[in-house]
Amino acid sequence: MIAPMDDPSQNVRVVEDAMDPARAAALHLSLGLAGPPPEPGERLRPFFHQAYFWDPCPPRDLGPDGHPRPGTGLVPDLGPARRMWAGGRVSFLGPLRTGIPAERHSTLERIEHKTGRTGPLVFVTLCHEIRQLGRVAIVEWQHLVYRRPAGEARAEPRPSPAPDDETASARRRFSPPDLFRYSALTFNGHRIHYDRDYATGVEGYGGLVV
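According to this note's numbering, the sequence shown is numbered sequentially starting from 1328.
In structure tokens form, the structure reads like this:
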């Protein structure tokens, strides 16, 4: 069952950010990138926006996986509460600069109910529009899937195949400290990225998830 939002304007969450250059510098150095970090007013590298627009919630609103529970934010209570990443897409439309305030307008675009081999699945599409100085700089779509908690009709997770139509690629091996620091800078509390015991013993992964 597909349930597009009748009025997306009623499902919008706005987060403001001062775009502190120190956060971009911390991410730049944590990734070991060449050259100096961006100075105030300079354009961010692609995907550095993920270190901004934190939307924290109190501990009582977190699920056992470290993510905010459905029903406590933009995503409603959907029944299945185990969140997994299903895919995404990003359009870079203009520069996003450090030191200049910006806004992220997040919209719940679509909810789709399906049944898989592990039971009920709920697919959710979120759209994040990042604006600065009155212009849209970035649009990002996130596709999420919610399923039963681990242990209920549990099956070994299967990795999604990587796309094979890239125009450029690079390889890098991330250590546990790398994953922890990246999770901290992006304010991503999902335990599969930094809690090995949880990732392997509860979620059933072979190790930490990059």
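Built from N, CA and C at the ideal position, the CB exists for glycine as well.
Fair warning: this is a prediction, and the values are worked out from it, not measured in the lab.
- L1401: which of D1392, D1388 and A1413 sits nearest, CA to CA? Sequence index remark: in the sequence shown, residue 1401 carries index 74 (1-based). That would be D1388, whose Cα lies nearest to the Cα of L1401.
- Proximity winner among P1367, I1519 and V1341, relative to A1349 (alpha-carbon distances): Here residue 1349 refers to the residue found at position 22 of the sequence shown. The residue with the shortest Cα to Cα distance from A1349 is P1367.
- Item | Closest Cα partner of F1374 within the set R1518, I1465, R1498 and G1390 | In the sequence shown, the residue the question calls residue 1374 occupies position 47. Comparing Cα-Cα distances from F1374 to each of R1518, I1465, R1498 and G1390, the minimum goes to I1465.
- Query: Shortest alpha-carbon distance to A1429 belongs to which of Q1377, D1492, G1533 and S1510?
  - Reply: Within the sequence shown, residue 1429 is the residue found at index 102, counting from 1. For the residues Q1377, D1492, G1533 and S1510, the minimum Cα distance to A1429 belongs to Q1377.
- Which of the three DSSP states, helix, strand or coil, is assigned to I1427? Your numbering for residue 1427 matches position 100 in the sequence shown. In the three-state reduction of the DSSP assignment, I1427 falls in the coil class.
- Query: Are P1383 and F1507 close, meaning C-beta to C-beta below 9 Å?
  - Reply: In the sequence shown, the residue the question calls residue 1383 occupies position 56. In the sequence shown, the residue the question calls residue 1507 occupies position 180. No, the Cβ-Cβ distance between P1383 and F1507 is not below 9 Å.
- Query: Grouping DSSP H, G and I as helix and E and B as strand, with all else coil, what is D1404?
  - Reply: Reading the sequence shown from its first residue, position 77 is the one you call residue 1404. Of the three classes helix, strand and coil, the one that applies to D1404 here is coil, per DSSP.
- Message: Could you compute how far the alpha carbon of A1413 sits from the alpha carbon of P1365?
- Response: For this step, residue 1413 is matched to residue 86 along the sequence shown. For this step, residue 1365 is matched to residue 38 along the sequence shown. Rounded to whole angstroms, A1413 to P1365 spans 31 Å at the Cα level.
- Message: Judging by CA-CA distance, which residue of R1370, S1496 and A1511 is the nearest neighbour of L1423?
- Response: For the purposes of this step, residue 1423 is taken as residue 96 along the sequence shown, with counting starting at 1. Of the listed residues, the one whose Cα sits closest to L1423 is R1370.
- Does DSSP put L1506 in a helix, a strand or coil? The residue given as residue 1506 occupies position 179 in the sequence shown. In the structure shown, L1506 sits in a helix (DSSP, three-state: H, G or I).
- Name the residue from G1393, V1341, L1354 and R1474 whose alpha carbon lies nearest to the alpha carbon of H1320. Past the boundaries of the shown model lies residue 1320; the chain is included only from 1328 to 1537, so the question cannot be answered.
- Query: Given that a residue counts as buried once 16 or more other Cβ atoms are within 10 Å of its Cβ, and exposed if not, what is L1471?
  - Reply: Residue 1471 sits at position 144 when you count from the first residue of the sequence shown. Buried, since its Cβ has 16 or more Cβ neighbours within 10 Å.
- Taking S1357 as the reference, give the member of Q1459, Y1509 and D1522 with the closest Cα. The residue given as residue 1357 occupies position 30 in the sequence shown. It is Y1509.
- Query: Would you report the Cα separation of I1427 and R1458, rounded to the nearest angstrom?
  - Reply: The residue labelled residue 1427 in the question sits at position 100 within the sequence shown. The residue labelled residue 1458 in the question sits at position 131 within the sequence shown. Their Cα atoms are separated by approximately 11 Å.
- Task: Using three-state DSSP, classify D1524 as helix, strand or coil.
- Result: Taking the first residue of the sequence shown as position 1, residue 1524 is located at position 197. D1524 falls in the helix class under three-state DSSP.
- Query: Which residue comes first and which comes last in the alpha helix (DSSP H) that contains S1357?
  - Reply: Walking along the sequence shown from the start, residue 1357 turns up at place 30. Taken as a continuous stretch (DSSP letters only), the alpha helix (DSSP H) holding S1357 covers P1348 to S1357.
- Message: Between which residues of its own chain and Y1473 is the CB-CB distance below 6 Å, once the five residues before and five after are set aside?
- Response: Counting from one through the sequence shown, the residue named residue 1473 turns up at place 146. Excluding positions up to five away in sequence, the list reads L1405, P1407, R1410 and V1449.
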